[in-house]
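Peer 1:
In the numbering used here, the protein residues as written are -11 to 210.
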C-alpha cells in the first residue's frame, strides 16, 4: 500500500475513537452544509449507475447515491470507518488507498469523493480513476477550501472555536487542532484540474460553495 504524509494525517485524524461520532461532528462543524455539498456531488454524478466512492468513510455519500438506485462500491483507508452500519447499502467495500485501486479497467461509470483530495497524491488518483472509469464516465472531487475576504476572518474564528471544543471532545482534538492548517496549505482545486487536463479528461468544471469554504471539481472521460 502506498503511504505518504497525507495518509498519515488521515490515519491520525480518523480512528476507532471517533468513527461512531463522525456523522454528527461533520454536520455540526459545517453547520449542516456537509449534506448540502454531498447533494451537489450526487447531482454531478447524474444518471450514471455504477459508482465508486473513494474515501467512503461512514457511508453518508454512499447512502445518498444508493438512494437514487445506483450500485455503489466503496473504498477507504480506515478500517474502523468501514465497519459502520451504513455500508449495508454498498455493493462491496474494500480497505485501501485511492492511489492504487483494486479494480479492473473500465469498471465504473462514475467515481466520487468527499474530503479526500487534500490528503492524496492527486495525480496518482486521477490516473487510477481514468483507468477504472468507462468512456463517458464522470469523476467528482469535493473538499474544503480556504476562503478569502471577510469569510476568511469568519472561517479562522470558526476553527479557533473548534480548537477550544477539542479540549472537551478529545476524540476530535487532533482534527480540530490541525485541519485548518492542512486546508490552508492545500492547493487541491488547481492541482486536480491540471491533473485532469493532463490525463485527457474533458469538460472540467470547478465550482465553489458556501462563500468559498468548499469546492467541487468534476470532469468526464471521453
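From the three backbone atoms N, C-alpha and C, an ideal C-beta is built for every residue, glycine too. Every value quoted in this text rests on a predicted model; they were computed, and no experiment measured them.
Cutting at 6 Å between CB atoms, please list the residues of its own chain near residue -11, excluding the five before and the five after it.
Peer 2: Reading the chain shown from its first residue, position 1 is the one you call residue -11. Here residue -11 scores only 47 on pLDDT, less than 50, and its place in the model is too uncertain to base an answer on.
Peer 1: Is there contact between the region 201 to 208 and the region 126 to 137, where contact requires at least three CB pairs shorter than 8 Å?
Peer 2: yes
Peer 1: Return the chain-ordered list of same chain residues with a C-beta closer than 8 Å to the C-beta of residue 92, the five sequence neighbours on each side being excluded.
Peer 2: Along the chain shown, one-based indexing puts residue 92 at 104. Residues of the same chain with a CB within less than 8 Å of the CB of residue 92, apart from the 5 flanking positions on each side, are 120 in chain order.
Peer 1: Per DSSP, which residues does residue 152 bridge with? Please list them.
Peer 2: Reading the chain shown from its first residue, position 164 is the one you call residue 152. Bridge partners of residue 152: none, in fact.
Peer 1: Output the distance between the C-alpha atoms of residue 123 and residue 95, rounded to the nearest integer angstrom.
Peer 2: Looking up residue 123 in the chain shown gives position 135. Looking up residue 95 in the chain shown gives position 107. Cα to Cα, residue 123 sits roughly 10 Å from residue 95.
Peer 1: Suppose you measure from the CA of residue 8 to the CA of residue 190; what does that come to, to the nearest Å?
Peer 2: As a first step, residue 8 is located in the chain shown; it is residue number 20 there, counting from the start. As a first step, residue 190 is located in the chain shown; it is residue number 202 there, counting from the start. The straight-line gap from Cα to Cα measures roughly 38 Å.
Peer 1: List in chain order: all unbroken beta strand (DSSP E) runs of 3+ residues lying wholly within the region 14 to 86.
Peer 2: 38 to 42, 59 to 64, 80 to 83
Peer 1: What's the gap between the Cα of residue 176 and the Cα of residue 154?
Peer 2: Your numbering for residue 176 matches position 188 in the chain shown. Your numbering for residue 154 matches position 166 in the chain shown. A direct Cα-to-Cα measurement between residue 176 and residue 154 gives close to 26 Å.
Peer 1: Kindly indicate which three-state DSSP category residue 4 falls into: helix, strand or coil?
Peer 2: Within the chain shown, the letter at position 16 stands for residue 4. Note: residue 4 maps to coil in three-state DSSP.
Peer 1: Name the DSSP bridge partner or partners of residue 102?
Peer 2: Within the chain shown, the letter at position 114 stands for residue 102. Answer is 130.
Peer 1: Could you give the C-beta distance for residue 44 and residue 22, rounded to a whole number, given that I count them as a contact under 8 Å?
Peer 2: Against the chain shown, residue 44 aligns to sequence position 56. Against the chain shown, residue 22 aligns to sequence position 34. Between residue 22 and residue 44 the Cβ distance is about 14 Å, and since that is not below 8 Å, they are no contact.
Peer 1: Quick one: give me the first and last residue of the alpha helix (DSSP H) that residue 219 is part of.
Peer 2: Nothing can be reported for residue 219, as the shown portion of the chain is limited to -11 through 210.
Peer 1: Going by DSSP, what residue range makes up the alpha helix (DSSP H) through residue 112?
Peer 2: Within the chain shown, residue 112 is the residue found at index 124, counting from 1. Unbroken alpha helix (DSSP H) run through residue 112: 110 to 120.
Peer 1: Exposed or buried, what is residue 145 when buried is set at 16 or more other beta-carbons lying within 10 Å of its beta-carbon?
Peer 2: One-based indexing of the chain shown puts residue 145 at position 157. Its Cβ having fewer than 16 others within 10 Å, residue 145 is exposed.
Peer 1: State the DSSP-derived secondary structure class of residue 191, mapped to helix, strand or coil.
Peer 2: If you number the chain shown from 1, residue 191 lands on position 203. Look at residue 191 here: in three-state DSSP terms it is strand.
Peer 1: Does the region 52 to 71 come within contact of the region 28 to 41, defined as at least 3 CB pairs closer than 8 Å?
Peer 2: Judged by Cβ distances under 8 Å, the region 52 to 71 makes contact with the region 28 to 41, as three or more pairs qualify.
Peer 1: If contact is defined by three or more beta carbon pairs under 8 Å, each pair taking one atom from either stretch, is the region 136 to 144 in contact with the region 110 to 118?
Peer 2: Touching, no.
Peer 1: According to DSSP, is residue 95 part of a helix, a strand, or is it coil?
Peer 2: Counting from one through the chain shown, the residue named residue 95 turns up at place 107. Residue 95: coil per DSSP, three-state reduction.
Peer 1: Just checking my contact of residue 46 with residue 72 at CB under 8 Å: how many whole Å lie between their CB atoms?
Peer 2: Within the chain shown, residue 46 is the residue found at index 58, counting from 1. Within the chain shown, residue 72 is the residue found at index 84, counting from 1. With a Cβ gap of about 5 Å, residue 46 and residue 72 count as contacting.
Peer 1: According to DSSP, is residue 145 helix, strand or coil?
Peer 2: The residue labelled residue 145 in the question sits at position 157 within the chain shown. Residue 145 falls in the helix class under three-state DSSP.
Peer 1: Is residue 26 closer than 8 Å to residue 102 when the C-beta atoms are compared?
Peer 2: Mapped onto the chain shown, residue 102 falls at position 114. Mapped onto the chain shown, residue 26 falls at position 38. Yes; because the gap between Cβ atoms is below 8 Å, this pair is in contact.
Peer 1: Which one of 97, 179, 197 has the shortest CA to CA distance from residue 127?
Peer 2: Counting from 1 along the chain shown, the entry for residue 127 is found at position 139. Nearest C-alpha to residue 127: 97.
Peer 1: Is residue 176 helix, strand or coil when you go by DSSP?
Peer 2: Numbered from 1 along the chain shown, position 188 holds the residue referred to as residue 176. Correct three-state label for residue 176: helix.
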